[in-house]
Every structure is written in structure tokens, then in C-alpha cells.
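Read in order, the letters of the sequence shown are residues 1 to 373 in UniProt numbering.
In this text, a Cβ means the ideal position worked out from N, Cα and C, and glycines have one as well.
Notes follow once the structure below has been shown.
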Amino acid sequence: MMDHKMKWLLFGGAVLLVLGLFVLGSRMMPTLKNQSAINQIKEAAVSQAEPVKQKKADLKNANLKHIYLAGGCFWGVEEYFSRVDGVVDAVSGYANGTSETTKYELISQTKHAETVHVTYDANKISLREVLLHYFRIIDPLSKNKQGNDHGVQYRTGVYYKDQADVETINKVFDEQKEKFKESLAVEKQPLKHFIKAEEYHQDYLKKNPNGYCHINVKQASYPVIDASKYKKPSDAEIKKKLSDEEYAVTQKNDTERAFSNRYWDKFDAGIYVDVVTGEPLFSSKDKFESGCGWPSFTRPISPDVATYKEDKSFNMTRTEVRSRIGNSHLGHVFTDGPKDKGGLRYCINSLAIRFIPKDQMESKGYGYLLDYV
1 MMDHKMKWLL FGGAVLLVLG LFVLGSRMMP TLKNQSAINQ IKEAAVSQAE PVKQKKADLK
61 NANLKHIYLA GGCFWGVEEY FSRVDGVVDA VSGYANGTSE TTKYELISQT KHAETVHVTY
121 DANKISLREV LLHYFRIIDP LSKNKQGNDH GVQYRTGVYY KDQADVETIN KVFDEQKEKF
181 KESLAVEKQP LKHFIKAEEY HQDYLKKNPN GYCHINVKQA SYPVIDASKY KKPSDAEIKK
241 KLSDEEYAVT QKNDTERAFS NRYWDKFDAG IYVDVVTGEP LFSSKDKFES GCGWPSFTRP
301 ISPDVATYKE DKSFNMTRTE VRSRIGNSHL GHVFTDGPKD KGGLRYCINS LAIRFIPKDQ
361 MESKGYGYLL DYV
């Protein structure tokens with residue numbers, strides 16, 4: 001039988017284990033809560049997206065190209081790309097399985113991937129832009145799983161017919177691999193075959209607006225901001241480029257004074273870019289007078305360009321907003337913004353941004369964003 005001393009040792013060990021788990025849990029809870037808050041902010045930032053009016057396709061003069069994209073359930077992928085300006089057609093089907101024929105009930109056996117055949121006008125949108133849209137809506141590290149869907153038919157993949165596309169595809173894949181610092185789970189192969197899916201799968205979410213979708217298709221309304229166009233200078237270069245006040249705000253998380261900064265009461269048409277890198281961050285279309293004394297926006301110009309971080313400085317818990325490429329401190333985001341615009345207020349330091357008037361956007365390389373101002 002277990003002696004009295006051993007019982008007490010086991011009891012004490014159990015107590016220490018419970019206490020340890022409690023302390024660990026209590027430390028993790030704020031992180032989990034804040035991550036949940038950040039996810040809610042990201043969701044709200046795209047919730048009020050207005051579809052960009054697509055220009056009617058001029059098929060007579062169009063330069064039609066094709067790419068085949070597997071990104072989990074094809075209902076959402078098809079709907080997303082049907083909303084992207086420059087995409088002429090998006091068709092759901094099955095690709096790169098072990099047989100030349102299949103149907104929905106058999107794809108887990110025939111190893112086909114649910115795939116969308118994207119036809120696009122290369123005069124309006126490049127393959128690179130199409131692929132950047134694609135990587136926006138998938139988890140490239142997840143094997144045989146996207147959203148709640150599991151199985152080989154839900155794997156991710158980029159399948160091509162034109163060998164000339166390989167260079168662009170490889171470059172985008174390399175950039176994504178560098179971004180995530182690990183190998184991608186996304187297939188990259190020539191198209192073996194594409195079998196159009198049954199008619200009830202085509203335009204499924206248009207026929208069933210409340211149907212299942214594992215991605216937020218509203219993201220298609222936001223421009224893809226190509227990260228490769230913008231580079232962060234060295235610290236020495238940043239110091240040379242910026243004023244002392246701009247450096248203090250963007251690099252040292254300082255805050256400028258309210259009501260005495262350059263943009264708090266400016267509402268001219270144009271965009272606001274990162275003062276460090278020039279990456280587009282906000283549009284005048286989303287700027288509003290909040291009464292706080294700093295420039296206020298309801299959302300970024302694209303969900304891709306903002307990153308978020310918990311900030312517990314000054315005995316407060318806030319959500320800090322930083323720029324994607326420059327990692328510049330921009331300000332904070334709060335949930336007391338206009339309810340009809342998603343309820344967010346991005347409170348941004350004027351010293352962290354630079355205004356580009358609408359009539360100068362084309363000459364300064366931002367003409368592709370004119371439809372978003």
C-alpha cells in the first residue's frame with residue numbers, strides 16, 4: 001500500500017500542477033482575448049466594402065489568359081474571382097486527379113482538387129495580380145484543408161497551361177515562401193485536365209447568397225497592393241529622409257499633438273501613403289471628422305497593408321496599427337467609429353503618412369488606385 005508520505009507528495013505535486021496550469025491559462029487569456037479583438041477588427045475593416053464597378057469587358061480587344069486555381073471549396077473561390085475587376089469568367093470544376101472523368105460524389109476517390117478556371121483580360125489585370133488575389137484568400141501552409149473543409153479535394157494548387165506563365169508563378173511562390181519562412185502546401189503543376197463541375201455548383205453563391213463560404217469574398221472589393229513595389233530603407237536612410245518628429249513617431253512610437261498636425265482637418269481627394277516607404281495606406285474616401293484631433297479613417301485602403309499589435313503602454317490596452325512593409329507606427333484603431341461604416345476609427349498620426357492629391361496619383365505611380373478614391 002502507498003505510505004502516508006508518498007500520498008502527500010503526490011497531492012502536493014497535483015496542487016502544483018493545477019496552480020501552474022491556472023497561471024499559464026491566466027497569462028494566455030489576455031493574449032487570446034486580444035487576438036480575438038484583432039480578428040474582429042480585421043473582419044470589421046472589410047465588412048462594409050462597396051463592390052468596385054467593373055468596367056464591361058471589351059472581349060473584341062481583350063487579351064484573354066487562363067489560370068486554374070484550387071483554394072478549398074470552389075463556391076467561395078469562384079465568387080471571389082467573379083468580383084475581381086479584369087476577370088472575365090470564373091468556372092468551378094475539378095482538376096489534376098487520377099482520371100479523365102469524375103463527378104462531385106467521386107472526387108475524394110479520384111483525387112481531383114476543387115478548382116476554378118479563371119479567365120482574365122491581361123490588358124486589365126496581370127497574372128501576378130491574379131495570384132496575389134489568390135494568396136490573399138488561402139492558407140498556403142495548410143495541407144488538404146481550407147476553412148472547415150478537410151480532404152484531398154480541398155488542397156490548394158496553381159495549375160497552368162501556358163509555359164510562359166511559369167516564371168511569374170515561380171516568383172510569386174518564392175515571395176510567399178520568404179514571407180512565411182517555410183515551405184508552402186500549395187501545388188504548382190501543369191494542368192493535366194479540367195472537368196467542369198455540375199451546373200448547380202456554378203455561381204452557387206449568387207444563387208444562394210447565404211450559402212456556405214469559407215472566405216470573405218468582400219475582400220475582392222479591395223485593391224491588391226503589391227508589396228514588392230515598396231522597400232523599407234535602412235535606419236540611417238530613414239533618419240536622413242524623415243524629420244526628427246516623423247522619425248520619433250514612426251520608429252519610436254511617439255504621438256503627435258492633437259489639433260495641431262498637418263492632416264487632421266484635411267479632406268481633399270487623394271490617398272495617404274507611408275511616409276517611410278510610400279506604400280498606400282488610406283483613402284480620402286474613408287476619412288471622417290471624429291473630433292479627436294488626429295486624422296481618422298474607417299478602414300485602410302486595403303486589408304493587406306495594415307498590421308495590428310496589442311499595446312499596453314500608459315496603463316491602457318489598445319490595438320496599435322502599423323504599416324506592412326515599413327513596420328512604421330501609425331496610430332491606433334478603436335471601435336467607436338461610424339456604425340454604418342463598420343464601427344472602426346483608425347486614429348492615425350499625420351507625421352506617419354504623406355498625402356498624394358488625386359490629380360498627382362497617376363504621375364507618382366498610384367494611378368491604379370484612382371477607382372478607390
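State yes or no: is the C-beta of residue i within less than 7 Å of the C-beta of residue j?
i, j, result
"ILE41", "VAL333", "yes"
"THR319", "TYR308", "yes"
"ALA90", "SER82", "yes"
"ILE169", "VAL118", "no"
"LEU132", "VAL224", "yes"
"PHE297", "PHE282", "yes"
"GLU79", "VAL116", "no"
"TYR263", "PRO295", "yes"
Output needed for residue i: all residues of its chain with C-beta closer than 6 Å, excluding positions within five of it in sequence on either side, in chain order.
i, result
"LYS232", "THR277, ILE325 and GLY326"
"GLY97", "THR110, LYS111 and HIS112"
"GLY20", "Only weak support exists for where GLY20 lies, its pLDDT of 48 falling under 50; the coordinates are left without a value."
With H, G and I counted as helix, E and B as strand and the rest as coil, what does DSSP make of residue i?
i, result
"LEU369", "helix"
"ILE41", "helix"
"PRO303", "helix"
"TYR222", "coil"
"TYR134", "helix"
"PHE22", "Residue placement at PHE22 cannot be trusted, given a pLDDT of 45 that sits under 50; the coordinates are not used to answer."
"PHE259", "coil"
"THR156", "strand"
"ASP268", "coil"
"VAL333", "strand"
"ILE107", "helix"
"ALA164", "helix"
"THR298", "coil"
"ALA227", "helix"
"VAL276", "coil"
Just how far apart, CA to CA, sit residue i and residue j?
i, j, result
"SER302", "GLU199", "34 Å"
"TYR372", "ASP304", "15 Å"
"VAL87", "PHE314", "48 Å"
"SER47", "ASP149", "23 Å"
"PRO357", "GLY270", "4 Å"
"SER323", "CYS292", "21 Å"
"GLY93", "VAL186", "18 Å"
"VAL84", "SER350", "32 Å"
"LYS177", "GLU129", "17 Å"
"TRP75", "ASN208", "10 Å"
"LEU191", "ASP58", "27 Å"
"LYS179", "ILE348", "26 Å"
"LYS240", "SER234", "10 Å"
Among the residues of its own chain, which have a CB less than 7 Å from the CB of residue i, if the five just before and after it don't count?
i, result
"ALA248", "ASP254"
"ASN63", "ASP121, ALA122 and ASN123"
"THR335", "GLY343 and LEU344"
"VAL23", "Because VAL23 carries a pLDDT of 42, less than 50, the predicted location of this residue cannot be relied on, and no value is offered for it."
"GLU100", "HIS193"
Output needed for residue i: all residues of its chain with C-beta closer than 8 Å, excluding positions within five of it in sequence on either side, in chain order.
i, result
"VAL166", "TYR160"
"CYS73", "GLU114, GLN146, GLY147, ASP149, TYR154, TYR212, CYS213 and HIS214"
"MET1", "Note on MET1: pLDDT 48, under 50, position unreliable in the model; the coordinate value appears next. Closer than 8 Å at Cβ, skipping near neighbours: no residue."
Could one say the Cβ of residue i lies closer than 7 Å to chain D's Cβ atoms, at least one of them?
i, result
"VAL276", "No chain D is present in this structure, which holds just one protein chain."
Item checked: At least three beta-carbon pairs within less than 8 Å, the region 212-231 to the region 130-145 -> yes
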